[in-house]
Amino acid sequence: MGASSKPVPNLIQGVSQQSAQQRRDSQCEAQFDCFNSPKDGAVARNGAELVKFYPGQDLSECFPYELIRGREEHYLVLVRGPDRGGMGVLDLTTGEPATVTTEGVGSYLTAPAPAESNFCAQTVDDYTFIANKSIVPGLAAARSTTRPREALIFFKAGAYSSTYAISVLWQGVTYRWLYQTPDNSTAANAPYIATNFLASIFYRAMTGVQPGGTLNGAVGSIGTGEAGTGVVVKDNSDGGSTNPDITDLGFSMAINGNLLRLWRNDGQNFTMDTSDSVGDTYLVSFKDTVRSFSELPKGGFEGFLLKVKAKPGQSENAADYWVEYVSNTATSGFWQERVAPDVPVLLDASTMPHALVNLSPGVFVFRPQVWSSRIAGDGVDSAKDPGFVGKPIKDLFFHKGRLAILTESTVDFSKARNVFSHFPDTVQTLLADAPIGLTLSASDTIALLRRHAKVDESLYLWAQGAQFKISAGQNPFKQDTVEADDSTAYEFAEQSNFARVGTTLYFATEPNEFATVRNLVFSQGKAAGDTDITSHISEYIPAGVRRLAPSDTGQAIFVRTDGAPNRLFLYNYLVQDRTVVQSAWNTWRFPVEKIIWASVYRMDLLMLVQRPDGAMLLKVPLSARLVDDEPGAEYRTRMDLRVPDTQCTVTYDGAAEETSISPPYAIPAGDELDFMVSSRTTTGAYVRGRGATILRRSTAGRLVVKGDWSTTPFYLGRRIRSERTESTFYLRSEAGVVPTDSITIREFNLRYAATGYTRVEVDIGAGRPTRKHETRHIKVGTAEGVSRPPIISSDVVRAVVDGRHDETTVTTINDSWLPSRWQTAEWRYEPVLRARVGQSSGQG
Numbered sequence: 016m017g018a019s020s021k022p023v024p025n026l027i028q029g030v031s032q033q034s035a036q037q038r039r040d041s042q043c044e045a046q047f048d049c050f051n052s053p054k055d056g057a058v059a060r061n062g063a064e065l066v067k068f069y070p071g072q073d074l075s076e077c078f079p080y081e082l083i084r085g086r087e088e089h090y091l092v093l094v095r096g097p098d099r100g101g102m103g104v105l106d107l108t109t110g111e112p113a114t115v116t117t118e119g120v121g122s123y124l125t126a127p128a129p130a131e132s133n134f135c136a137q138t139v140d141d142y143t144f145i146a147n148k149s150i151v152p153g154l155a156a157a158r159s160t161t162r163p164r165e166a167l168i169f170f171k172a173g174a175y176s177s178t179y180a181i182s183v184l185w186q187g188v189t190y191r192w193l194y195q196t197p198d199n200s201t202a203a204n205a206p207y208i209a210t211n212f213l214a215s216i217f218y219r220a221m222t223g224v225q226p227g228g229t230l231n232g233a234v235g236s237i238g239t240g241e242a243g244t245g246v247v248v249k250d251n252s253d254g255g256s257t258n259p260d261i262t263d264l265g266f267s268m269a270i271n272g273n274l275l276r277l278w279r280n281d282g283q284n285f286t287m288d289t290s291d292s293v294g295d296t297y298l299v300s301f302k303d304t305v306r307s308f309s310e311l312p313k314g315g316f317e318g319f320l321l322k323v324k325a326k327p328g329q330s331e332n333a334a335d336y337w338v339e340y341v342s343n344t345a346t347s348g349f350w351q352e353r354v355a356p357d358v359p360v361l362l363d364a365s366t367m368p369h370a371l372v373n374l375s376p377g378v379f380v381f382r383p384q385v386w387s388s389r390i391a392g393d394g395v396d397s398a399k400d401p402g403f404v405g406k407p408i409k410d411l412f413f414h415k416g417r418l419a420i421l422t423e424s425t426v427d428f429s430k431a432r433n434v435f436s437h438f439p440d441t442v443q444t445l446l447a448d449a450p451i452g453l454t455l456s457a458s459d460t461i462a463l464l465r466r467h468a469k470v471d472e473s474l475y476l477w478a479q480g481a482q483f484k485i486s487a488g489q490n491p492f493k494q495d496t497v498e499a500d501d502s503t504a505y506e507f508a509e510q511s512n513f514a515r516v517g518t519t520l521y522f523a524t525e526p527n528e529f530a531t532v533r534n535l536v537f538s539q540g541k542a543a544g545d546t547d548i549t550s551h552i553s554e555y556i557p558a559g560v561r562r563l564a565p566s567d568t569g570q571a572i573f574v575r576t577d578g579a580p581n582r583l584f585l586y587n588y589l590v591q592d593r594t595v596v597q598s599a600w601n602t603w604r605f606p607v608e609k610i611i612w613a614s615v616y617r618m619d620l621l622m623l624v625q626r627p628d629g630a631m632l633l634k635v636p637l638s639a640r641l642v643d644d645e646p647g648a649e650y651r652t653r654m655d656l657r658v659p660d661t662q663c664t665v666t667y668d669g670a671a672e673e674t675s676i677s678p679p680y681a682i683p684a685g686d687e688l689d690f691m692v693s694s695r696t697t698t699g700a701y702v703r704g705r706g707a708t709i710l711r712r713s714t715a716g717r718l719v720v721k722g723d724w725s726t727t728p729f730y731l732g733r734r735i736r737s738e739r740t741e742s743t744f745y746l747r748s749e750a751g752v753v754p755t756d757s758i759t760i761r762e763f764n765l766r767y768a769a770t771g772y773t774r775v776e777v778d779i780g781a782g783r784p785t786r787k788h789e790t791r792h793i794k795v796g797t798a799e800g801v802s803r804p805p806i807i808s809s810d811v812v813r814a815v816v817d818g819r820h821d822e823t824t825v826t827t828i829n830d831s832w833l834p835s836r837w838q839t840a841e842w843r844y845e846p847v848l849r850a851r852v853g854q855s856s857g858q859g
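Numbering follows my numbering, in which position 742 of the sequence shown is assigned residue number 757; successive positions increment by one, without gaps.
Listed below in C-alpha cells is the structure:
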C-alpha cells in the first residue's frame, strides 16, 4: 500500500490528557509557552518585558490588589506586615512606587502568613477598603450619655374651679401637692388659670423658691393671697400636715414656662403621678416612657430623654424609640430621635476595615476610618449591632450603592450612598436607604459564607456546597424586600477569586491534588448550566489556585496556583453560536521563583514576580501582531526579563574583543547560556536580529559576549522555549480510531506563517538520534546573519520520520528571539490494516 496523508486542519487546540485514541487530531500531548489562536494557530508567546526591578525586595508574601481608576491611573496595592514594609502601592504604568503615608494604623497590617489569604479589599470611589480577616470587628468603649431618673410635668391647660395635684412616692411615703383654681366670676381670675402660673405656683410650693418674672400678667411675687384655695401641703401617707421641700428629700426641680422637670440627685428611681379634676387631661406627666410622640409638649429641658412606645399593629418593623429635647434657644427647641442611654454608639475603628485613600494621582494615605455612630435605637430590640460585630470578615464588596461586609453567616450592607454608616437614622420607620442585614443558612447543610460573586446583574454569596442569590426582585433594594434564596450547590477553591466574563462565571475547585475549572453560565439572573473546562486535563493544574485572570478581548484565562509558583496555565477558548469551537490549555513558564500577582489589563499580561535578587514587574503583550517599537520593525523580539541596552551597563574590552553586559538584575551562575542578546536596530555595528555569541558569565555576574556591542542598540533577555509535542499518531474518524495493526509515519509537515524560526525534532525511539529540521531563513549567529536581518515568512517545514506511530515523538520548537505561528500540519503514513475476523487471506 502506498503512503497516504492525514491533514490536521488547525492547531488551535491545546493539551489533552485523555488517551491518545480519544483526542482530536488538533490536540497535543504537551504544549508550553504558546498562545492558541483560531486565526493564527499555535503562536509562540511574546516575552515578558521588565517594567521595573526592585532590587533586594522580597514581596513574595503580600496581598496584591489591583486598583484601576479610569483610563489614566492603574495601581497595584501591596499589603504587607509592618515588618515587611507595610502598605505599598505601585504605579503599574511606570512601575514606580506611589507615595503612601500611614496614619494611626497600629498593628492592623499584622496577620498570619500567608498575607494573601488574610486580607480582602474593595474600592469605592477614592477609598479602597482593606479588611484584615484575622481581626474581629468590635464596638468601641464609647457609650451614649445617661440621664438621672427624671420626670416631666406638663401643664397642658388651665380651667376654672379645677383641682391640680402632683404626688411623689419616695421611700414608702407619698408627698402630695394640690391647687384649686378660682372660678370665673371675675375677669381678674384669668391669670390664675394660665399654665405658666400653675407651673410656677407648684414650683414655689415644692421647692420653697420663688420663680422670678411676670407670669401671664400675674404679679411677679406670688404671696399667700392668690386667687383660689392655694396650695395644700399635706402628707397623705402619715397624716402629717406639711410636706418638706422636695429638695430636702434629695430631689431637684427646674421650671420652663408651663413645664416642670423633677429628678433625683443620686440617680435612684422614684414614683410620681399627676391628676386633675378635668379627666386628668390638663395636667400630665412623663417618666421613662410616653405612649405617643404626639403627647409630648412643644417645649422641654435640654437633654431630657423619653422612650416612645411603638403603637401595636403599626408595622412589623415598628419598635420603641427614644427622643431627646434639643434647645434652639432659651425659649424654643424640638424633640428628636436619639439612641437609648448607656448604649455603645461607635464601631471600633481599629478593628474595622481601614481605607487607602487616593488624594491625587500617585498620592495615597492609609488610615482607620471614622464610621457613622448609632444615633437611634437601643442596640437590642432596635438598631441592633451589625452582623459583622464579633465575627471575622470574610469578604468585602460593593452592591447597589452600598458597602457590604460578609462573615461566615451574615452579610451587612451599609446605608445607600453612605458606605461609612451601618446604623439606621431612625427606628420609627424603615427608610429606603437604611442599612440591610441578613443572616443566611442553607436548608440542608451548614453554610459558612466565604465569597461573593456578581454576574448577569445578580449577586450571589458562596458557601461550600451552597450558594444564595441576594435579590429584591423588581422592588427597591432594602431591608424588607431583600431575600436570600437557595441557588446552586457547588464546591469551590476558597483561596481563588471568581472570574466574570460576560454572563459566565469561572471558578476553580480542588477535589484532590489537582484543580479543575468550571464555567457557570447565567441567563436572566439564574444559573443555566455549567461545564468543566478541565475535563480533558484532569491532572494538569496543581491545587492551590490563587487567581483566575480573564481576558474577554483575548478570549483567554490565566490560572495562577501555589502548586506551580513560577508557571501560569493558559486557557484559550472560542464559542460560536453556543458551540465550543476551541478549548485549549497550555503552560507558560517563567524564570522566576514565584508569580506573586498576574492580571490582564487591556491586551497585556502584567505580573509581579519574585526572583532571588529582588522583585520585578513584568509585562507580556498578548497580541500576536505586535512589533518592536523600532523603525521598520517586522516582529517583536521574544525574550523573558527583556531589557534594552539603555537599562544595562555595557563595557567593551578591545584587547580581548569582548563586551561585558550587566542588566539591572543578576544573572545566576549556570544560566548564562539561557540568555540572549539581539540587535534591535540597524544603527549599530550589527543589523537588526543579529544575535551575539554568549561566551560566559563573569565572576561579577555580567554577561560576556563576543565582539564589540558597545555601540549597538540591543535587547537582552532569557531564552523562551515555545514547544508543542504532538499526540501519538492514530487514524481517527467520526466513528473513532480506525483499527490498524501498525502505522509507519513517513513524514510530518508543518505549515507556518509570519515565522522567523522554527525547528521540528523527531524522535523515533530505539535509541536513535533525534532528527532536527529547521527553517532556513537565516543562520543565526553566523556570518550570514551579519549582512541582513532575519526573514519573516510563511512556508512548510518537512520532517522525515520513518518510524512507528506508537514509538515516534514529534516536537515543534521555537527557542529563538524570533516569532513563529504554527498553523496546520499533515502527516504521511503507511498503515497495515487489521484483518477482519473470517476474512480470507487471499491464498488458495
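Ideal placement from N, C-alpha and C gives every residue a C-beta, glycine not left out.
1) DSSP on G235, reduced to helix/strand/coil?
2) On the DSSP bridge list, what partners appear for C135?
3) Which of the three DSSP states is assigned to Q662 in this structure?
4) Decide if D644 is buried, meaning its Cβ has at least 16 other Cβ atoms within 10 Å, or exposed.
5) Would you decide whether R717 is buried or exposed? Buried here means 16 or more other CB atoms lie within 10 Å of its CB.
6) Within 10 angstroms of the Cβ of K787, are there 16 or more other Cβ atoms? Answer buried if so, exposed if not.
7) Taking 9 angstroms as the threshold (C-beta atoms), are L589 and W603 in contact?
8) Between the C-alpha atoms of E649 and V642, what's the straight-line distance to the nearest angstrom?
9) Locate the alpha helix (DSSP H) running through F212, then write down its first and last residues.
10) Would you please state the rounded distance, in angstroms, between the beta carbons of S553 and E44? I believe it to be under 8 angstroms.
11) Taking the straight line between their C-alpha atoms, what separation do you get for S424 and F412?
12) Judging by CA-CA distance, which residue of V624, G110, M102 is the nearest neighbour of E118?
13) In chain order, which beta strand (DSSP E) runs of at least 3 residues are fully inside the stretch 484-521?
14) Could you give the distance in angstroms between the alpha-carbon of V139 and the alpha-carbon of V92?
15) Please state whether DSSP places E799 in a helix, a strand or coil.
16) Would you kindly report the start and end of the unbroken beta strand (DSSP E) that includes P376?
17) Nearest-angstrom Cα distance between L620 and L520?
18) DSSP state of Q570, grouped into three classes?
19) To the nearest angstrom, how far is the alpha carbon of S19 from that of K54?
20) Kindly identify the DSSP beta-bridge partner or partners of E762.
21) Could you round the C-beta distance between D335 and K326 to whole angstroms and report it? I think they count as a contact, below 8 angstroms.
22) Mind checking which residues open and close the beta strand (DSSP E) that includes W192?
23) Looking at the structure shown, is T262 part of a helix, part of a strand, or coil, going by DSSP?
24) The beta strand (DSSP E) with W832 in it runs from where to where?
25) If you pair each beta-carbon of the stretch 378-393 with each one of the stretch 467-475, do three or more pairs fall below 8 angstroms?
26) Please report the distance separating the alpha-carbon of R39 from that of P683.
27) I need the straight-line Cα distance from Q225 to F217, nearest angstrom please.
28) Would you list the residues sitting across from E352 in a DSSP beta bridge?
29) Give the range of the beta strand (DSSP E) segment to which N51 is assigned.
30) If you drop the 5 nearest sequence neighbours on each side, which residues of the same chain put their C-beta closer than 6 angstroms to that of M622?
31) Quick check on this structure: which residue in A146, R164, G405 has the alpha carbon closest to the alpha carbon of M287?
32) Could you tell me whether the Cβ of P226 comes closer than 9 angstroms to any Cβ of chain D?
33) Counting pairs of Cβ atoms below 8 angstroms between the stretch 126-136 and the stretch 337-355, do you hit three or more?
34) Where do the ends of the beta strand (DSSP E) carrying T594 lie?
35) Kindly list the residues whose CB is nearer than 8 angstroms to the CB of A840, restricted to its own chain and excluding five residues on each side of it in sequence; keep chain order.
36) Pick out whichever of V372, R417, H437, V426 has its Cα sitting closest to the Cα of G392.
Straight from the coordinates:
1) At G235 the pLDDT is 33, less than 50, meaning the model places this residue with poor confidence; the figure from the coordinates comes in the next sentence. DSSP places G235 in coil when its eight states are reduced to three.
2) A146
3) helix
4) exposed
5) buried
6) exposed
7) no
8) 6 angstroms
9) 210-222
10) Not a contact, Cβ separation roughly 15 angstroms.
11) 16 angstroms
12) M102
13) 498-501, 514-516
14) 15 angstroms
15) Confidence at E799 is low in this model, with a pLDDT of 48, below 50, so its placement is unreliable and no value can be given for it.
16) No beta strand (DSSP E) contains P376, which DSSP labels as neither H nor E.
17) 20 angstroms
18) coil
19) 27 angstroms
20) V815, R843
21) Not really, about 10 angstroms apart at Cβ, beyond 8 angstroms.
22) 188-195
23) helix
24) Neither: W832 is in no beta strand (DSSP E) and is coded neither H nor E.
25) no
26) 41 angstroms
27) 10 angstroms
28) V338
29) 49-52
30) I610, A613, L633
31) R164
32) Absence of chain D from the displayed structure is noted, only one protein chain being present.
33) no
34) 594-604
35) P22, V23, L26, E741, F763, N764, L765, R766
36) H437
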